[in-house]
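Chemist:
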Amino acid sequence: MAKGKHASLSSTTKTAFMFPRLHPDVASAVSGHIIPIWVGKRAKKTCNNDYETSVMGRFTCDNSFCPKAAWISGHVAIVIRGYPNNGYNAVVYNQRCQACKQLGNLTLDEDSYIERVSYRLKKWAGISMELPAHERKDTPPHREDLCEGCKQHRCKKGSGNRGRC
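The sequence shown: position 156 = 156 (the UniProt record's numbering), numbered continuously.
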């Protein structure tokens with residue numbers, strides 16, 4: 001897995017995360033095509049595009065009584081939202097530990113995030129591209145009961161998927 005950073009600097013574990021600190025890397029990946037603008041979650045704008053996909057990540061369980069210390073996921077749910085004038089944001093959903101059901105601590109695969117977000121922004125801007133080849137990882141099957149994206153109906157693999165802005 002590529003370089004990763006912990007999702008949250010706070011001591012509380014969340015069900016979803018945003019990564020505005022990766023905006024310069026996304027902007028660099030689309031430079032020469034568009035100039036993207038990060039739209040924070042507090043913005044009072046309505047999105048005009050919405051896409052559910054996945055990134056990769058590593059999770060740890062902080063429950064000292066839990067036998068499962070860590071796991072890797074090749075399918076971490078992410079929703080990318082597009083706004084007018086090349087604005088965007090992205091929400092990455094957490095996962096729960098299979099053994100104790102507590103929320104995990106996500107270490108995001110930043111390369112997969114930057115690739116997925118920049119590809120989607122270019123696609124929305126009408127830039128012709130080849131579909132990127134994604135490396136297949138041998139990871140356990142997706143579990144809807146452990147995926148926070150599935151619980152919010154925002155995961156491509158979930159049965160209750162309902163895309164919306």
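Using N, Cα and C, we set each Cβ at its ideal position, and we do this for glycine too. These numbers come from a predicted model, not from an experiment.
Using only CA atoms, which one of P140, S54, I37, V26 lies nearest to I72?
Modeler: Here the question's residue 72 lines up with position 72 in the sequence shown. Ranking P140, S54, I37, V26 by Cα distance to I72 puts P140 first.
Chemist: Between V30 and S118, is the Cβ-Cβ spacing less than 8 angstroms?
Modeler: Here residue 30 refers to the residue found at position 30 of the sequence shown. Here residue 118 refers to the residue found at position 118 of the sequence shown. In contact: V30 and S118 (Cβ atoms closer than 8 angstroms).
Chemist: Which class does S64 belong to by DSSP, given the choice of helix, strand or coil?
Modeler: Translated into the one-based positions of the sequence shown, residue 64 becomes position 64. Here S64 sits in coil by DSSP.
Chemist: Check for me: the alpha helix (DSSP H) holding G149 runs from which residue to which?
Modeler: Working through the sequence shown from its first residue, we reach residue 149 at position 149. Here the alpha helix (DSSP H) through G149 covers 148 to 151.
Chemist: Could you check the C-alpha separation between K101 and L146 for me, to the nearest Å?
Modeler: In the sequence shown, the residue the question calls residue 101 occupies position 101. In the sequence shown, the residue the question calls residue 146 occupies position 146. Approximately 7 angstroms between the Cα atoms of the pair.
Chemist: Compare the C-alpha of V55 against each of L121, H23, H153, L108 and name the closest.
Modeler: In the sequence shown, the residue the question calls residue 55 occupies position 55. Ranking L121, H23, H153, L108 by Cα distance to V55 puts L108 first.
Chemist: Does the stretch 45 to 53 come into contact with the stretch 80 to 96, if we say contact requires no fewer than three beta-carbon pairs (one atom in each stretch) closer than 8 angstroms?
Modeler: Touching, yes.
Chemist: Need the endpoints of the alpha helix (DSSP H) that V30 sits in, please.
Modeler: Position 30 of the sequence shown, counted from the first residue, corresponds to residue 30. From DSSP, the alpha helix (DSSP H) with V30 extends over 23 to 30.
Chemist: Could you give the C-beta distance for Y93 and A16, rounded to a whole number, given that I count them as a contact under 8 angstroms?
Modeler: Position 93 of the sequence shown, counted from the start, is the residue given in the question as residue 93. Position 16 of the sequence shown, counted from the start, is the residue given in the question as residue 16. Yes, they are in contact, since the Cβ atoms of Y93 and A16 sit about 5 angstroms apart, within 8 angstroms.
Chemist: Helix, strand or coil: how does DSSP classify L9 here?
Modeler: Here residue 9 corresponds to residue number 9 of the sequence shown, with the count starting at 1. Note that L9 scores 37 on pLDDT, short of 50, meaning its location in the model is unreliable and no value can be drawn from it.
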